[in-house]
Structures are given as C-alpha cells and as structure tokens.
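Engineer: My questions all concern the structure below.
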Amino acid sequence: MALLEVRNLCIAVGSGGALLPVVEDVSFTVEAGRTLGIVGESGCGKSLTSLAIMGLLEGSQVRITGGEIRFAGRELTKLPAAERRAIMGDQMAMIFQEPMTSLNPVYRIGDQIVEVLRQHRSMSRRDALVRAAELLALVRIPGPAERLKSYPHQLSGGMRQRVMIAMAIACDPSLLIADEPTTALDVTVQAQILDLLADLQARTGMAVVLISHDLGVIAETCQTIAVMYRGRIVESASAAGLFAAPRHPYTSGLMASIPDADADCETLPAIAGRVPRIDERIGGCAFHPRCPRAASRCAIEPPATATYPEDHVVLCHFPEEAAP
Amino acid sequence: MNTLALFNPFSGRRLAFLGLVWLGFILICALAAPLLAPFDPLAIAPVDRLSEPGGSYWFGTDNFGRDTLSRCIYGARMALIIGLGTVAVSLTAGSLIGMLSAYFTRLGHVLMRVIDVLMAFPALLLALVLMTLLERSVANTIIVIGIVYTTTTARILFGMTLKLKNEVFVEAAVCSGAGHCSVLFRHILPNLISPLLVQASFIFAFAQLQAAALDFLGLGLPPEIPSWGNMLSESRIYVTRAPWLLIFPGILIIFSVFSMNLVGDALRDSIDPRFKDDIAGV
Amino acid sequence: MTAPLLAVRNLKTHFRAGRSWPFGPRAATLKAVDGVSFEIQAGEVLGLVGESGCGKSTVGRTLTRLEPSTSGEALLEGQDILQLSQAAFRPLRGQIQMIFQDPFASLNPRLTIEQTLAEPLRIHRLATTAKEARARIAEILTLVGLDPKVMTRHPHQFSGGQRQRIAIARVMILSPRLVIADEPVSALDVSIQAQVLNLIKEIQRKSSVAMLFISHDLGVVRHISDRVAVMYLGRIVETGPKAEVFARPSHPYTRLLLESTPRPDPARAGRRAKALGEPASAAAPPPGCSFHPRCPFATERCRIEAPAYAALSDNHGSACHNIAALPGKQANE
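Protein chains in written order, with this note's numbering: chain U, 46 to 369; chain E, 1341 to 1622; chain H, 2 to 334.
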C-alpha cells in the first residue's frame, strides 16, 4: 500500500459568494522512500494541493470540496483536528520557500527546534537540546552546538533552509513535503540543499513530495513527476519516461521554453498566450487556448485520461505519440 | 470608479456605517442650521433663563435664556468649519513638509528636526502657547490647531514618501528622465491620496477635541460664537442647576468624534496595506 | 576594433553599512561593486551573471545613476556619465534605459498605460502633439506585441508578462543606445519567460541597441548574450564571448555555476557538483581571492593574494591564480 494516496482531490476558493475550483480531480500516490515531483506555473494549484495534504487549509477562504487523502491507511480529510495536528510535524512535515519568514525572528533556533521536539515527543529540555544539535549536524551545519544559540537573522538563506529541514525531520517523518524549497536560494546553494534532501531520504527512507516550478530541479530530484496546469494533473509519468517522451503539449511546451545552458538557439519555442487567472472559466480542456494542437473538440469537451505503458498518464484529446 | 466603491469600506461594518449616518446628520444640521434651528442662537430671553428641557425649549435654555437646541445646531456649523479648516491647513503644510523632507534628504534633516522639536510639546500645550500670542478668532483657532496636526501629518507623510521614493516605478520614472516636480507630484503624490484621506478623517476628529478644549479654557473661539466647546465652557458654573447645558453639547462632541474615528478606521482598513502601519493614530 | 559604446573602468560602489546598535559604531563599508571594468560595443549584448549579493544589480543601478558611484569611470561614447550632475545627466537618460525585474512594481498603479508611455516622450520632447504621441505609443505597443487599444487601461488589468512588455515599450519608445535589463524575466512564469526573452532578443536584433543583461540564470544569459561576464563578490571573475565561456569556463566559479545549474535531464540526478561551503558576504569578503574558501583548487597563494585579471585569448580572460592548473574540461560535457 502506498504511504500517501490522494484520490480525486478538489479544492475551491470562496470569492464573492461563489466557489471557484482551483484544484480539480487530482490523484497521485507516493511510496515510502520515493520522491514525487509536482511541477507547474503560478496558480496551477500545486501549492494548494500540498497545503491540503498538510491540513493547512482549515479556516481560510480555501476548502477541500471533494476527494480523499489517505496517509498510512488513514483518511485525513475526515480526521478530527486534534488528531491531524498530532500527525502534522510528526509523521508528515513540510518545508516552505521562504526560510526567512518561516522561522520566528525573536527565538533562538535551538529553542525553535526544541519546541517542535517537545510537542511530539515526551522529552526533557536537556535531551531535546542534545537532539537538536544532532539534527543540525545531520543537515551539515558547521558548529551545531554553537549554532543552537543563533537567531535566524544571523544565518544566511541557505543555513536557514537547513534549519527548516532540521525542524521538519526532527520527528523522523515518513513524509516530507517541500514546497519550492530552493527557489529563494542561489544555484550553488540550491545544489547543496537538494543533495542534502536526497541524502536524508536515502538515510531515513522517508517519502518526499517536491513542489517546484523548475523542471530542472524536478528532473534531477524526482522519480515520478506530475505536471499540473490550471488545477489539474495533465500528465504524470516516471521522470525518465516524461523527459524522454512528453505526451501532453503543455509538458513538451514547458520543456522547450527553458533556455538551455548547454546549447544555443535563435528563438525559444515559447507557449503562446498567458497563464490563466483562477477566476477565468475555460470550457473543455483548460489548455486549449494556448495549445498548438488544439482542435474544435478541445474547446467543448474536457479530455479524458489516456494511459500508456509504465504508468504514463496524459489528460489530452490528442496526446503526442512517443518517438519510435 | 463608481460611487458605490466609496461605500465599500463600510459594507459589513455596521458600527462604522452608523458613524457615517451620524456624520451625515451633523452635516445636514450644519448646512441647514437656519432652517432647522427653532430660535436665533444668539437671541436672549431673560424670562426663560435656565429653563429645563421641555415645552418650546426641547434642550432647555442657558443663563441668558438662549435656546440650547438652536445653539447645538449652529455649533455643528462651527464644528464643520473648524474640522475642514484644520484638515486643509495641516494636510497642505504637513504633506509639503513631509514629502519634500523625504525627497530632498538634506532639507529633510533640517525640516524634520524642527518638526521633532514642535512634537516635543504636548499638543494642547503647543496650542495654548500659540493661542496666547494670537487674538481669539475662528481663523486663528484653525491655524493653531492646524499647526499642531501639521507636525504629525509631516511625520507620517515623511515615512510614506520614503517608502514610495524607493518603489521601482518611481525609479523607473527617474530613469525616464523625469524631474523632481514630476516625480513628486505625478508619481508619488497620487499614491498618497488614499492614506491622506484617512489621515484627514482622524485630524477632523481630533480637531474637534482640540477646539473644544481651547474653547473650554477660554482661548479658542470668541465667546459669542455658539460652538460646542464654548457651550461647555459657559455651562460649567451651572452644572448642578442646569446639567442639560453640559449634557447636550457633551454628547454631540463625543458622538461626533467617535463616529469620525469609526469612519477613519474603516477607511484605513480598506487602503493599501503598505501604509497601514504609518497611520497608527494622530 | 572601434571605440566601445560604453567603457566601464574600475567602477566601485560602496555602501555605508548601518549600525548594529542605535549608538554603536558603523559596520565596515559594504563593497557591493569593487573594481569592475568592462566594455560594451554598439549593438552588443553583454550578459552579467552571478549569484544574489554579488553586486551585478548594483552595477546596473550605478550606471543609471540610481546609486552614487564611489570611484571609477563609465564612458558613454567617451563622456564620463558618473561625473555629470544629476541635472546634466537627465537629458542623457534617454540613451541609457533600464528594465526592472518586478513588472508588478515598475509601473505606476495610478497612471494609464498611455500616460506612462507618454511621459518619456514628453520629457525628451520626442512628440510635439498629443496626436503624434498617441501614434508613437500605438506603434511601440504593437512592437511589443500588445493591442494599441489597451493604452487606456491601468497596470492592474494586465498579467505579469504583459506588464513586462509595457515596461519594455517604455524603454524602447526613447530609442536608447544602451538598455540595462536587470533580471527582466526572473519574476515571470517559465512559459511567459520564453515569450518575453524572445521579444527582448527580437527587439534587440531589430534596433541593434546595446544591452547589459543582468541575470542569475545561465540558460537565460546564454540565450540572449553575445558576451558574458561572471561576477563574484563585487568583481568580475571571468569575461569572454558566450561560446568560449560556456564551452571553456576558465574560472572555478564559472564552472561551479555551470555545474550547479539544474538541467531538465533525469540522467543527471546525483551527478550534481559539490559546492564547498557558503557564499561569503560582500560585507566581509575573504582575504586574497574572495572565492578561495569555496574553491576546490585553492592554494596557499589564493588565501593571501588577490588574483589579477589575465587574458587567455583576445577577449576571453579570468581572474584566477591557477588557470593553468585547472582540469581541461568541465564535468557536464
């Protein structure tokens, strides 16, 4: 059985009395020890999906309108808030894009890690501090014992993200959700952080859901990949399968629009049009106004999924055939 | 923008809306005072002096037999004049000083230190000192209270202009070759309009209190002018015999200031979040 | 070779750092740009690449006089623009234009697109009548791929990509000689980034305006530039023609950047370069070569002596003591 199983998840945003669907019919599974990458542009619903899994949508304008989220055999959407909180931060943890704002600036980082530990484990403060130092060593922060006494502003962006990772893995979660964990960091630091995450995963066997807009980061980190567009997963496949033969025109368009650091070209084959706003209603396939392969059918009829070998799933009327 | 958008800050805020209604009522009283007032506010009727509320004198009369209701209605007129005048003086002077100080750093060092010194005086004390140097008149009262709130307005505008000065669109205008005037009045000022509006509503409210205080101390408007503050001042020796003389203008001042603050809060919550912290209060 | 359009020599921009305590001493000066020299020929695109805090944006902001320079010169067709007073520089602003990173912040929310675009025309007296101005605005909007009818709208009615097109229109309406583009596509979505990059490249080719293109993204820089300069902690560590720098990076930092850049290729997983340590801060640059704490090839000399910039070929050069000792090829080739 998969560790995390999301089935037909639907999320809507309340806006002026109406409910706008922002995530529609999203399904995926993540096995222990594996990494799923969710990639998409702004407003595609990738971050909301991750927040829904963590149960962080409660009390906001956004709510889950359908589907289920099964984690280690338990249906999370029906769980009482107290039980969910017990799982959060313990069996599943999350790291965010902004390591600057996710740490409380007025507390030492040691105290912040200790707080997480003592929330979920019955530990003395002294033991928790020892464990906190171990965690900082684990995320390769030099001089961990001294660093416990630092305040967040005394650390660089990369170091703060390491602290966030240390806090996230403090209770040995079986699932780590990383929402754009390296977007705010420089490429050299990004490489270090991604390496660190891979190492920790190999060591602990946790599952990782990595959310990013960067196909490069996703390609180098994940085993399976889900591409989201306008609230739906339009294509999912193994990393190798997806990059070898993308079948959804959005996926191939996205891949082609990245300027290559290893080759020159005169004009980038860009996707036409613009990223739709969430309050726009698009009939049929949401991608059809921008799609080079769109036919009249695409504007009317929502596409059904087509499944190819090796769990390659595409949501398109006219998927591209794999090159022979 | 349609006219309904103006009321957006008040949708879902019943108290603020009631405040708006009350202010509308005061405004009508002020504008239509001659029509609404049953008596001449200055007409003396020694026979009826210190009449209790009731009969033809709904709010009673004072020690000269002048009708309290009529004086209250004409008082609304004074409140409006004082409020608008103070807002005009302090916003004009305050925004010029604040904007120029933030934009021209060296000038700012001098001007803002002057403002700091003025702000070191308690507001009422500053007004008292200035008022003792001047004659009691409507114009002087407005100028004095205006100066008091010029200091706070300048401080607030200084902070907001500093922020806007570093906005990318302002830098883009500089890169286009825009001169100082164009940057200040075409790019910075229009973005300050909505916070200025909020600031105006608070100054309007505080000006009422300040004016009432000056009147009460006998340093504000000339005593013959029917203002709420003057009415309070005159009534204090009769407070045990004729409490209505204190109660009615008192209630008017409290309700009006409270309403203006509610309206100001509603406006503040609807403006650009960048400036919310700046307008913490006057 | 003809005289360059812009010659920057030993440019330094230092900032006075704040105090750590209300009455404490000022911290040392922050040397954001510390001795940068480069040239841009007419019609050429120079890509300036580096990580955050390396001073690449400050170079652009100093050249547009948004920040005062500390020393050095910047000769625009022989005239030192850093020595001019702001008032004397203002007429020249029409020739040096800047595109900013954040399209949501760079347009005045209170002005219509027409007002925004008419302003530079008015300032530089490029249109005498309102009709003439409107015709020019319609023309430039068409050039950047927008319908001229949109000129009556306000910025909030546009998407990020459209706003960046408007920002490009505002710059190009003056027919500048040099455009400084400070991360013009990094705030945009990938699919929109490609459109805007194509637009910038097309306009640059058509108008043959010279460009200083500042970016942290090697792929973007490679796509747009003719020559590339790599910056680290306030200095240029390598410059050269694009093809040379990408094929034969001659500074360890350039190699690290190239190897750290993620590629959409799952086969590369796990083969990422191992960067050493943390990027140093410009407030406290290491002695000697400022890259030495992170450099796998660092020697004793690197810790003491700052390397001078040395030419490898006609226009390719780098500042490294150990150019000769570097392995010949980079990992990802």
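Virtual Cβ for every residue (Gly too), placed ideally from N, Cα, C.
In the DSSP output, which residue or residues are listed as bridge partners for H:L12?
Structural biologist: H:V37
Engineer: Suppose you measure from the CA of H:I215 to the CA of H:A230; what does that come to, to the nearest Å?
Structural biologist: 10 Å
Engineer: Which chain H residues are close to E:N1403, counting only those with a beta carbon under 8 Å from its beta carbon?
Structural biologist: Within 8 Å Cβ-Cβ: nothing; E:N1403 doesn't reach chain H, min ~55 Å.
Engineer: Curious, which full-length beta strand (DSSP E) runs of at least 3 residues does the stretch 186–229 of chain U contain?
Structural biologist: 220–224
Engineer: Look at the alpha carbon of H:R304 and the alpha carbon of H:E279, and state the distance between them as a whole number of angstroms.
Structural biologist: 16 Å
Engineer: Give, in chain order, every residue of the stretch 153–183 of chain H whose Cβ lies closer than 9 Å to some Cβ of chain U.
Structural biologist: From the stretch 153–183 of chain H, only S160, G161, G162 and Q163 have a Cβ closer than 9 Å to chain U.
Engineer: Using 7 Å as the limit for Cβ to Cβ distance, is H:L108 near chain E?
Structural biologist: yes
Engineer: With the cut-off set at 7 Å, would you say U:I210 and U:V184 are in Cβ contact?
Structural biologist: Yes; because the gap between Cβ atoms is below 7 Å, this pair is in contact.
Engineer: Taking all protein chains shown into account, do 16 or more other C-beta atoms lie within 10 angstroms of the C-beta of U:H198, making it buried, or fewer, making it exposed?
Structural biologist: exposed
Engineer: Is DSSP giving H:C296 helix, strand or coil here?
Structural biologist: It is coil, neither helix nor strand.
Engineer: Could you have a look at U:H357 and say whether DSSP puts it in helix, strand or coil?
Structural biologist: strand
Engineer: Can E:F1282 and E:G1434 be called in contact, C-beta distance under 7 Å?
Structural biologist: The displayed coordinates of chain E run from 1341 to 1622. Any statement about residue 1282 of chain E would go beyond what the structure contains.
Engineer: Name the residues in the stretch 1508–1520 of chain E whose C-beta lies less than 9 Å from a C-beta of chain H; which are they?
Structural biologist: V1508, F1509, V1510, E1511, A1512, A1513, V1514, C1515, S1516, G1517, A1518 and G1519
Engineer: For the alpha helix (DSSP H) that contains H:Y254, what are its first and last residues?
Structural biologist: Following the DSSP letters along the chain, one finds H:Y254 inside the alpha helix (DSSP H) bounded by residues P253 to S261.
Engineer: Among all the DSSP beta bridges, which residues are the ones paired with H:P110?
Structural biologist: Paired residues: none, contrary to the question.
Engineer: For H:L175, which of helix, strand or coil comes out of DSSP?
Structural biologist: coil
Engineer: Quick one: which unbroken alpha helix (DSSP H) runs of 4-plus residues sit fully inside the stretch 1493–1545 of chain E? Chain order, please.
Structural biologist: 1508–1515
Engineer: Are the beta-carbon atoms of H:S70 and H:T59 separated by less than 7 Å?
Structural biologist: no
Engineer: Do U:R52 and U:E113 have their beta-carbon atoms positioned less than 7 Å apart in this structure?
Structural biologist: Their beta carbons are under 7 Å apart, which means U:E113 touches U:R52 by this criterion.
Engineer: Any contact between the stretch 1549–1563 of chain E and the stretch 1459–1472 of chain E? By contact I mean 3 or more CB pairs, one from each, below 8 Å.
Structural biologist: Short answer: they touch.
Engineer: Mind listing the chain H neighbours of E:N1531? Cutoff is C-beta to C-beta under 8 Å, in chain order.
Structural biologist: N109, P110 and R111
Engineer: Please go through the stretch 72–99 of chain U and give each complete beta strand (DSSP E) segment of 3 or more residues, from N-terminal end onward.
Structural biologist: 80–84
Engineer: Determine contact between the stretch 1375–1395 of chain E and the stretch 1408–1416 of chain E, defined as no fewer than three beta-carbon pairs at a distance below 8 Å.
Structural biologist: Yes, the stretch 1375–1395 of chain E touches the stretch 1408–1416 of chain E.
Engineer: What is the residue span of the alpha helix (DSSP H) that E:Y1414 lies within?
Structural biologist: T1408 to Y1443
Engineer: Assuming E:L1465 contacts E:Q1539 (C-beta within less than 8 Å), just tell me the rounded distance between them.
Structural biologist: Wrong, their Cβ atoms sit about 23 Å apart, outside the cutoff.
Engineer: By how many angstroms is the C-alpha of U:I222 removed from the C-alpha of U:S95?
Structural biologist: 7 Å
Engineer: Beta carbon of E:L1420: closer than 6 Å to some heavy atom of the ligand GTP?
Structural biologist: This structure lacks the ligand GTP; in fact it carries no ligand of any kind.
Engineer: At 7 Å on the CB atoms, spell out the chain H contacts of E:H1527, in chain order.
Structural biologist: N109
Engineer: What does a CB cutoff of less than 7 Å around E:V1622 pick up in its chain, not counting 5 residues either side in sequence?
Structural biologist: Model confidence at E:V1622 stands at a pLDDT of 42, short of 50, so the residue's coordinates are unreliable; what they give is reported in the following sentence. Excluding positions up to five away in sequence, the list reads Y1489, T1492, F1542, I1543 and F1546.
Engineer: Only counting the same chain, and skipping five residues up and downstream in sequence, which positions put a Cβ closer than 8 Å to that of E:M1341?
Structural biologist: Confidence at E:M1341 is low in this model, with a pLDDT of 37, below 50, so its placement is unreliable and the value that follows should be read with caution. If we look at E:M1341 and ignore the five residues flanking it on each side, it has no Cβ neighbours.
Engineer: Beta-carbon within less than 8 Å of U:T249's beta-carbon, same chain only, minus the 5 sequence neighbours each way: which residues are those?
Structural biologist: I214 and D217
Engineer: Starting from the C-beta of U:V320, find all residues in its chain whose C-beta is less than 7 Å away, skip the five residues before and the five after it, and write them out in chain order.
Structural biologist: E86, S87 and G88
Engineer: So with Cβ pairs under 7 Å, would you call U:G203 a contact of chain H?
Structural biologist: yes
Engineer: Give the DSSP-derived three-state secondary structure of U:I109 in the structure shown.
Structural biologist: strand
Engineer: If I measure Cβ to Cβ from H:E74 and keep anything under 7 Å in the same chain, skipping five residues before and after, which residues do I get?
Structural biologist: R10, D81 and L83
Engineer: What number of angstroms, rounded off, separates the C-alpha of E:F1365 from the C-alpha of E:P1386?
Structural biologist: 31 Å
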